[in-house]
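Working notes for the structure below.
Residue numbers (our numbering): 106 to 289.
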(Lines of atoms letter the chains of each structure in order from A; the text may use other names.)
(Lines give C-alpha, C1' and ligand atoms only; values in the text may rest on other atoms or scores of the structure.)
Protein backbone atom coordinates (compact mmCIF):
# COMPACT_ATOMS: atom_id res chain seq x y z
CA UNK A 106 0.00 0.00 0.00
CA UNK A 107 2.80 2.41 0.87
CA UNK A 108 4.39 1.71 -2.53
CA UNK A 109 1.19 2.87 -4.27
CA UNK A 110 1.20 6.05 -2.19
CA UNK A 111 4.84 6.76 -2.98
CA UNK A 112 4.22 6.04 -6.67
CA UNK A 113 1.30 8.51 -6.62
CA UNK A 114 3.51 11.14 -5.02
CA UNK A 115 6.25 10.59 -7.59
CA UNK A 116 3.65 10.80 -10.38
CA UNK A 117 2.44 14.13 -8.95
CA UNK A 118 5.99 15.47 -8.73
CA UNK A 119 6.68 14.28 -12.27
CA UNK A 120 3.58 16.07 -13.49
CA UNK A 121 4.70 19.24 -11.70
CA UNK A 122 8.10 18.95 -13.37
CA UNK A 123 6.44 18.47 -16.77
CA UNK A 124 4.44 21.70 -16.37
CA UNK A 125 7.49 23.54 -14.96
CA UNK A 126 9.46 22.67 -18.08
CA UNK A 127 6.49 23.56 -20.29
CA UNK A 128 6.13 27.03 -18.73
CA UNK A 129 9.88 27.67 -18.46
CA UNK A 130 10.46 26.77 -22.11
CA UNK A 131 8.26 29.66 -23.29
CA UNK A 132 10.65 32.44 -24.35
CA UNK A 133 10.35 35.35 -21.95
CA UNK A 134 9.81 37.82 -24.76
CA UNK A 135 7.62 35.56 -26.92
CA UNK A 136 5.39 37.72 -29.12
CA UNK A 137 7.11 41.01 -28.25
CA UNK A 138 8.56 42.63 -31.34
CA UNK A 139 9.59 45.95 -29.79
CA UNK A 140 13.18 45.54 -28.54
CA UNK A 141 12.86 48.22 -25.84
CA UNK A 142 9.68 46.66 -24.50
CA UNK A 143 11.37 43.24 -24.42
CA UNK A 144 14.39 44.62 -22.54
CA UNK A 145 12.12 46.39 -20.05
CA UNK A 146 10.13 43.19 -19.47
CA UNK A 147 13.32 41.21 -18.86
CA UNK A 148 14.62 43.86 -16.45
CA UNK A 149 11.34 43.96 -14.50
CA UNK A 150 11.11 40.17 -14.41
CA UNK A 151 14.66 39.83 -13.06
CA UNK A 152 13.95 42.46 -10.39
CA UNK A 153 10.80 40.60 -9.31
CA UNK A 154 12.70 37.30 -9.18
CA UNK A 155 15.50 38.83 -7.09
CA UNK A 156 13.01 40.46 -4.73
CA UNK A 157 11.01 37.27 -4.33
CA UNK A 158 14.11 35.21 -3.53
CA UNK A 159 15.36 37.87 -1.09
CA UNK A 160 11.98 37.76 0.65
CA UNK A 161 12.07 33.97 0.94
CA UNK A 162 15.64 34.03 2.23
CA UNK A 163 14.69 36.51 4.96
CA UNK A 164 11.47 34.69 5.80
CA UNK A 165 13.11 31.28 5.99
CA UNK A 166 15.84 32.63 8.26
CA UNK A 167 13.19 33.53 10.85
CA UNK A 168 11.29 30.31 10.23
CA UNK A 169 14.32 28.24 11.24
CA UNK A 170 14.27 29.85 14.70
CA UNK A 171 10.53 29.25 15.04
CA UNK A 172 10.88 25.66 13.85
CA UNK A 173 13.65 24.92 16.34
CA UNK A 174 11.82 26.54 19.24
CA UNK A 175 8.50 24.92 18.47
CA UNK A 176 10.12 21.50 17.92
CA UNK A 177 11.72 21.77 21.36
CA UNK A 178 8.35 22.67 22.89
CA UNK A 179 6.67 19.75 21.16
CA UNK A 180 9.41 17.36 22.27
CA UNK A 181 9.15 18.50 25.88
CA UNK A 182 5.40 18.96 26.30
CA UNK A 183 3.77 16.18 24.31
CA UNK A 184 3.60 12.78 25.94
CA UNK A 185 0.85 10.20 26.33
CA UNK A 186 0.71 8.77 29.86
CA UNK A 187 -0.76 5.56 28.41
CA UNK A 188 2.53 4.79 26.64
CA UNK A 189 5.27 5.06 29.29
CA UNK A 190 7.82 3.27 27.10
CA UNK A 191 7.55 5.77 24.21
CA UNK A 192 8.22 9.51 24.31
CA UNK A 193 5.82 10.71 21.62
CA UNK A 194 7.04 14.28 21.89
CA UNK A 195 10.40 13.57 20.29
CA UNK A 196 8.84 11.69 17.40
CA UNK A 197 6.12 14.30 16.97
CA UNK A 198 8.85 16.96 16.83
CA UNK A 199 10.60 14.96 14.09
CA UNK A 200 7.29 14.78 12.18
CA UNK A 201 6.83 18.51 12.69
CA UNK A 202 10.29 19.31 11.33
CA UNK A 203 9.75 17.17 8.24
CA UNK A 204 6.45 18.97 7.67
CA UNK A 205 8.30 22.28 7.97
CA UNK A 206 10.86 21.20 5.39
CA UNK A 207 8.05 20.21 3.00
CA UNK A 208 6.37 23.59 3.60
CA UNK A 209 9.60 25.43 2.88
CA UNK A 210 10.15 23.44 -0.32
CA UNK A 211 6.56 24.10 -1.39
CA UNK A 212 6.94 27.82 -0.74
CA UNK A 213 10.13 27.93 -2.77
CA UNK A 214 8.58 26.01 -5.68
CA UNK A 215 5.49 28.22 -5.58
CA UNK A 216 7.49 31.45 -5.57
CA UNK A 217 9.78 30.30 -8.37
CA UNK A 218 6.97 29.20 -10.68
CA UNK A 219 4.99 32.33 -9.86
CA UNK A 220 7.86 34.55 -10.96
CA UNK A 221 8.58 32.38 -14.01
CA UNK A 222 4.93 32.20 -15.06
CA UNK A 223 4.09 35.84 -14.35
CA UNK A 224 6.01 37.43 -17.24
CA UNK A 225 5.18 34.59 -19.59
CA UNK A 226 1.48 35.01 -18.86
CA UNK A 227 1.88 38.71 -19.60
CA UNK A 228 3.50 38.07 -22.96
CA UNK A 229 0.96 35.36 -23.83
CA UNK A 230 -1.82 37.89 -23.15
CA UNK A 231 -0.48 40.01 -26.01
CA UNK A 232 -1.54 37.17 -28.30
CA UNK A 233 -4.83 36.17 -26.64
CA UNK A 234 -6.57 35.78 -23.30
CA UNK A 235 -6.83 32.04 -23.99
CA UNK A 236 -3.04 31.76 -24.34
CA UNK A 237 -2.53 33.74 -21.14
CA UNK A 238 -5.01 31.49 -19.33
CA UNK A 239 -3.15 28.37 -20.50
CA UNK A 240 0.18 29.69 -19.22
CA UNK A 241 -1.37 30.73 -15.90
CA UNK A 242 -3.12 27.38 -15.53
CA UNK A 243 0.07 25.47 -16.30
CA UNK A 244 1.94 27.60 -13.75
CA UNK A 245 -0.71 26.85 -11.15
CA UNK A 246 -0.53 23.15 -11.99
CA UNK A 247 3.14 23.17 -10.98
CA UNK A 248 2.22 24.40 -7.52
CA UNK A 249 -0.80 22.14 -7.19
CA UNK A 250 0.87 18.92 -8.26
CA UNK A 251 4.14 19.85 -6.57
CA UNK A 252 2.58 20.63 -3.20
CA UNK A 253 0.39 17.53 -3.16
CA UNK A 254 3.24 15.33 -4.40
CA UNK A 255 5.61 16.63 -1.72
CA UNK A 256 2.99 16.34 1.03
CA UNK A 257 2.03 12.77 0.13
CA UNK A 258 5.68 11.76 -0.23
CA UNK A 259 6.49 13.41 3.10
CA UNK A 260 3.66 11.56 4.84
CA UNK A 261 4.78 8.24 3.37
CA UNK A 262 8.38 8.86 4.40
CA UNK A 263 7.49 9.89 7.95
CA UNK A 264 5.23 6.85 8.26
CA UNK A 265 8.01 4.51 7.13
CA UNK A 266 10.60 6.19 9.37
CA UNK A 267 8.38 6.16 12.45
CA UNK A 268 7.21 2.61 11.79
CA UNK A 269 10.88 1.55 11.66
CA UNK A 270 11.86 3.56 14.76
CA UNK A 271 8.86 2.37 16.78
CA UNK A 272 8.28 -1.26 15.78
CA UNK A 273 5.10 -2.77 17.17
CA UNK A 274 3.63 0.56 18.28
CA UNK A 275 -0.14 0.89 18.16
CA UNK A 276 -1.07 2.46 14.78
CA UNK A 277 -3.36 4.91 16.58
CA UNK A 278 -0.39 6.30 18.53
CA UNK A 279 1.66 6.33 15.32
CA UNK A 280 -0.99 8.44 13.59
CA UNK A 281 -1.07 10.87 16.53
CA UNK A 282 2.69 11.27 16.26
CA UNK A 283 2.39 11.83 12.51
CA UNK A 284 -0.02 14.71 13.17
CA UNK A 285 3.09 16.78 13.84
CA UNK A 286 3.78 16.63 10.10
CA UNK A 287 0.57 18.53 9.38
CA UNK A 288 1.47 21.12 11.99
CA UNK A 289 4.76 21.73 10.18
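Each residue gets a CB set at the ideal place from its N, CA and C atoms; glycine is no exception.
Based on Cα-Cα distance, which residue from 226, 193, 164 lies nearest to residue 150?
226
So what's residue 155 in DSSP terms, helix, strand or just coil?
helix
Enumerate in chain order the residues of its own chain whose CB-to-CB distance from residue 209 is below 8 Å, with the five nearest sequence positions on each side excluded.
165, 168
For the region 121 to 140 against the region 271 to 283, are there 3 or more C-beta pairs whose distance is under 8 Å?
no
Might you give, ordered along the chain, the residues of its own chain that have their beta carbon closer than 7 Å to the beta carbon of residue 288, omitting 5 neighbours on each side?
201, 204
Which class does residue 135 belong to by DSSP, given the choice of helix, strand or coil?
coil
Contact under 8 Å by Cβ, residue 263 with residue 185
no
Across the region 176 to 185 and the region 227 to 241, are there enough close Cβ pairs to call them in contact, namely three or more that are closer than 8 Å?
no
Check this for me: beta carbons of residue 254 and residue 112, under 8 Å apart or not?
no
How would you call residue 217, buried or exposed, if buried means at least 16 neighbouring beta carbons within 10 angstroms?
buried
Are residue 248 and residue 221 close, meaning C-beta to C-beta below 8 Å?
no
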